[in-house]
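S.K.: Numbered per my numbering, the sequence shown spans residues 18 to 307.
For glycine and all other residues, C-beta sits at the position ideal for the given N, C-alpha and C.
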Amino acid sequence: MCTTCGCAEGNLYIEGDEHNPHSAFRSAPFAPAARPALNITGIKKPDFTPSQTAEGDLHYGHGEAGTHAPGMSQRRMLEVEIDVLDKNNRLAERNRARFAARQQLVLNLVSSPGSGKTTLLTETLMKLKDRVPCAVIEGDQQTVNDAARIRATGTPAIQVNTGKGCHLDAQMIADAAPRLPLDERGILFIENVGNLVCPASFDLGEKHKVAVLSVTEGEDKPLKYPHMFAAASLMLLNKVDLLPYLNFDVEKCIASAREVNPEIEIILISATSGEGMDQWLAWLEAQRCA
């Protein structure tokens, strides 16, 4: 996971910085930088070997750290993770205080790539237009495509490209949020990088994580990626208009999500058919008033 693998050290680009010659941010190259080959002969086999079941399956996540890195002990991984998350959490609390002072509702939208969260977000923004002030921070590794789609709705948006990084973090939000015009009591939607693993660990200063799961992904996704669904307050089961064409067990999916997180709220929704949109908008209004 990112707290030990170091992917957050990749190049970061925030839209608008190309016009600022003093900016510390720059666009990451598409080709990975060349790295010298590492000598791995010094890695101790016990540190590298996973646990193995009777069926031959390999498990790397059963140690104290819940993850694995070649040549690094479980204790060292815990130390690195604590250092990384402590810094991020302190920045996240600063973000949260800033948003609270402005009475802004901040939501962190998380999902796998292709779950339909950008389409769902654009439909949501169209329905909220002229009713609630909104702004969007778009997270991706490369391109400004999604921010352009958001701006086409008339909503202010800024793209944050993480380069090799696979998630947004609190510092990125602290850099991006002040650049967006958002009135008091508005909603800031943060669309995180498509990834069901690392974003679960990184608090951005949001009020809620909202997990978007498409019915095209499989009903056992909450059990495969439990940390994300445990961290989410709401699961939007998306693309339900496709259910007649898929072998997808809705009840099994809901049961899987509630096995991981008994408190999670669930809304069945479709940006295409409009099913569930009223319930989703009502949830947003309830959170604004909470």
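1) Please classify Pro261: is it buried, with 16 or more other beta-carbons within 10 angstroms of its beta-carbon, or exposed?
2) Can you list, in chain order, the residues of its chain whose CB lies under 7 Å from that of Ala109, leaving out five sequence neighbours each side?
3) Verify whether the separation of the beta carbon atoms of Val227 and Ala249 is less than 9 Å.
4) Work out the CA separation of Asp266 and Arg202 for me, nearest whole Å.
5) Rounded to whole angstroms, what is the Cα-Cα separation between Tyr135 and Thr160?
6) Express the C-alpha separation of Asp103 and Glu302 in angstroms, rounding to a whole number.
7) Does DSSP classify Cys270 as helix, strand or coil?
8) With which residues is Gln176 paired in a DSSP beta bridge?
9) Quick check: the segment 273-287 against the segment 241-260, are at least 3 beta-carbon pairs closer than 8 Å?
10) Look at the Cβ atom of His244, then the Cβ atom of Ala288, and state whether they are nearer than 9 Å.
11) Which residue spans inside the segment 245-293 form an unbroken beta strand (DSSP E) run of at least 3?
12) Might you give, ordered along the chain, the residues of its own chain that have their beta carbon closer than 6 Å to the beta carbon of Val123, omitting 5 neighbours on each side?
13) Quick one, are the C-beta atoms of Glu234 and Ser273 less than 9 Å apart?
14) Within 9 Å of any Cβ in chain B, is that where the Cβ of Thr139 sits?
15) Quick check on this structure: which residue in Glu276, Lys181 and Arg113 has the alpha carbon closest to the alpha carbon of Asp157?
16) For Ala228, list the residues DSSP reports as bridge partners.
17) Where does Gly131 land, buried or exposed, given buried means 16+ other C-beta within 10 angstroms?
18) Between the Cα of Pro239 and the Cα atoms of Leu263, Cys215 and Ile271, which residue gives the shortest distance?
19) Tell me whether Leu213 sits in a helix, a strand or coil according to DSSP, three-state version.
20) Per DSSP, which one or two residues make a beta bridge with Leu122?
21) Leaving out the 5 sequence neighbours to the left and right, which residues in its chain are closer than 6 Å to Gln304 when beta-carbon positions are compared?
22) Give me the Cα-Cα distance between Ala114 and Asn264, rounded to the nearest whole angstrom.
23) Quick check on the DSSP output: the alpha helix (DSSP H) that includes Ala191 runs from which residue to which?
24) Do Ser129 and Asn212 have their CB atoms nearer than 9 Å?
25) Between which residues of its own chain and Glu268 is the CB-CB distance below 8 Å, once the five residues before and five after are set aside?
26) Within its chain, find whatever has a CB closer than 7 Å to the CB of Ile190; leave out the 5 residues flanking it on each side and keep chain order.
M.R.: Let me lay it out:
1) exposed
2) Same-chain partners within the cutoff: Ala187, Asp220, Leu221 and Gly222.
3) yes
4) 38 Å
5) Inspection of the sequence shows that residue 135 is occupied by Thr rather than by Tyr. Distance between the alpha carbons of Thr135 and Thr160: 14 Å.
6) Looking at the two C-alpha atoms, the distance is approximately 32 Å.
7) Of the three classes helix, strand and coil, the one that applies to Cys270 here is helix, per DSSP.
8) Glu155
9) yes
10) no
11) 251-255 and 282-285
12) Phe116, Leu205, Glu223 and Lys224
13) no
14) The structure shown has no chain B; it contains just one protein chain.
15) Lys181
16) Val127 and Met252
17) exposed
18) Nearest C-alpha to Pro239 among Leu263, Cys215 and Ile271: Ile271.
19) coil
20) Ile204
21) Leu122
22) 45 Å
23) Ala187 to Ala193
24) yes
25) none
26) Asn112, Ile154, Ile207, Leu221 and Gly222
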